[in-house]
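Numbered continuously in my numbering, the sequence shown closes out at residue 368. Backbone N, C-alpha and C define an ideal beta-carbon position, used for all residues, glycine too.
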Amino acid sequence: AMRVFSGIQPTGVPQLGNYLGSIRNWVQLQTRELEPGRRHEQYISVVNLHALTVPRDPQRLRRETGEMAAALLACGIDPRRSVLFRQAAVPAHTQLMWALACLTPVGWLNRMTQWKSKLQATPEDPAPPALLTGLLTYPVLMAADILLYQATHVPVGDDQVQHLELARDIAAHFNKTYKRRVFRAPTAILTASRRVMSLRDPTRKMSKSDPVEQSRITLADSDDQIRAKIQRAPTDSLGAVSFDPVARPGVSNLVSIYAALRDVAPHAAVAELGTLNNAQLKGLVTDAVVAAVAPIRDETRRLLRDPEHVEAVLRAGEDTARAAAAESWAQIAECIGL
Ligand code: ATP
Ligand code: MG
31 AMRVFSGIQP TGVPQLGNYL GSIRNWVQLQ TRELEPGRRH EQYISVVNLH
81 ALTVPRDPQR LRRETGEMAA ALLACGIDPR RSVLFRQAAV PAHTQLMWAL
131 ACLTPVGWLN RMTQWKSKLQ ATPEDPAPPA LLTGLLTYPV LMAADILLYQ
181 ATHVPVGDDQ VQHLELARDI AAHFNKTYKR RVFRAPTAIL TASRRVMSLR
231 DPTRKMSKSD PVEQSRITLA DSDDQIRAKI QRAPTDSLGA VSFDPVARPG
281 VSNLVSIYAA LRDVAPHAAV AELGTLNNAQ LKGLVTDAVV AAVAPIRDET
331 RRLLRDPEHV EAVLRAGEDT ARAAAAESWA QIAECIGL
């Protein structure tokens, strides 16, 4: 059977890149077949263990975990079609992580770029924190998340492709070590807008934990906040709108956001936008973003007034996930001699 697995960290309000790069794909995969005539199951995890890699206040983590679940439901994650659960509710994630860590060379983790970019100094945060073991081994936990459910497909943004490659390498290495085909290699599923860039610095990706609020549009922003952030996004004075992410990162990011929301390729969007000036472009992008975000924002607010409902959805998902994980972990534990 085919299985989709993906996750999102409860590290703040989801931003437009999470939505266009991942969440919207998860919603669409609930009603779309991966291959004609073949059904699949989908597991979506609020990965609260991953969120610990950047130290955070316990109350805030708990609150943001619930808020993330509410936001995902508001985006259209349907508990009848997706198993939605908190990672820490399923102990086998950490058990498998340990087993995988014990056969993953540190050199493989040293090659990963994400922990390096998370430690980069910024004008707002000139003294980057020390590299913690958890941040370095984050990709091993992610491999465990995916392999535990024998996922065949992993819809992610392209910042996670390197980690997914590592998961494939770890799976192959495990099979070779134990001379059994325990794990199969998961495949990435990317969207056209695989990397939405920051509205402050269009050479960095948009992130929900970026300390600069102005850098992102969140799924909780008011129409006015969206308008103001897009208004201040950097562009250039190279004339008519075109799509060239290298020479025109700011303008191209706006084109790419617009194209994703209209479900067309960036070059097709340019045909429509090519005669506009920057102010007109920003106006159209703002309208498209507001149209997408406003209903999600309002539905999230409604769900946050009913935390018992969100909690019940998560608990039901966790029962299903624990059962699937326990079965899989029993086989792995048997294989490695535990
Ligand atoms: P954080 O800053 O805490 O790392 P994040 O915004 O990077 O938060 P994650 O929880 O790390 O979000 O990732 C959730 C999903 O969103 C992943 O599939 C990731 O690839 C995707 N994603 C994150 N940022 C972007 C982006 N700017 N464009 C497209 N996809 C993205
Ligand atoms: Mg991230």
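- Burial check for C132: the Cβ neighbour count within 10 Å stays below 16, so the residue is exposed.
- Spanning the alpha carbons of E364 and S358 requires a straight line of approximately 10 Å.
- Of the candidates P325, V300, A289, Q180, the residue whose Cα lies closest to the Cα of T248 is P325.
- Around the beta-carbon of S147, fewer than 16 other beta-carbon atoms lie within 10 Å, marking it exposed.
- Leaving aside the five residues that flank A295 on each side, the residues in its chain whose CB is nearer than 8 Å to its CB run, in chain order, A222, A289.
- In this structure Q361 is exposed. Its beta-carbon is surrounded by fewer than 16 other beta-carbon atoms within 10 angstroms.
- Look at G187: its beta carbon is less than 6 Å from one of the heavy atoms in ligand 1.
- Shortest gap from the CB of S282 to any heavy atom of ligand 1: 6 Å or more.
- Distance from the C-beta of M172 to the nearest heavy atom of ligand 1 is not below 6 Å.
- Shown here, M127 sits in a helix according to DSSP, grouped into three states.
- Shortest Cα-Cα distance from L64 to any of V212, V120, T217 involves T217.
- Excluding residues up to 5 positions away in sequence, I74, A99, L102, I107, V343, L344, G347 lie with their Cβ nearer than 7 Å to the Cβ of L114 in the same chain.
- Looking at the DSSP output, T217 bridges to H183.
- Taking I176 as reference, the option from P264, N283, S52, A215 with the minimal CA-CA separation is A215.
- For the set I219, A270, G164, the Cα lying nearest the Cα of R33 is the one of I219.
- Note on H297: under 16 other CB atoms within 10 angstroms of its CB, so exposed under the neighbour-count rule.
- Using a cutoff of 6 Å, the CB of N48 counts as near ligand 1, since one of the ligand's heavy atoms is closer than that.
- For the pair V212 and G47, the CB atoms are not nearer than the 7 Å cut-off.
- Distances between the C-beta of G51 and the heavy atoms of ligand 1 include at least one below 6 Å.
- Across the structure, T305 and G269 are spaced so that their CA atoms are roughly 9 Å apart.
- When L368, P109, N140 are compared, the shortest CA-CA separation from H193 is found for N140.
- In the DSSP annotation of this structure, M32 is not part of any alpha helix (DSSP H); the continuous beta strand (DSSP E) holding it starts and ends at 32-38.
- If the five residues before and after S237 are omitted, its C-beta is found closer than 8 Å to the C-beta atoms of Q45, G47, S228, S245, R246, all from its own chain and listed in chain order.
- Within the same chain, and ignoring the five residues on either side of D240 in sequence, the residues whose Cβ sits closer than 7 Å to its Cβ are S228, R246.
- Membership of Y49 in any alpha helix (DSSP H) is not indicated, and neither H nor E is assigned to it by DSSP.
- In the same chain as T167, and ignoring 5 residues on each side of it, the C-beta atoms closer than 7 Å to its own belong to A131, L139, in chain order.
- With respect to the C-alpha of D253, the residue from G313, A355, E341 having the closest C-alpha is G313.
- Membership of I74 in the beta strand (DSSP E) is indicated by the continuous run 70-76.
- Here T233 is exposed, its C-beta having fewer than 16 other C-beta atoms within 10 Å.
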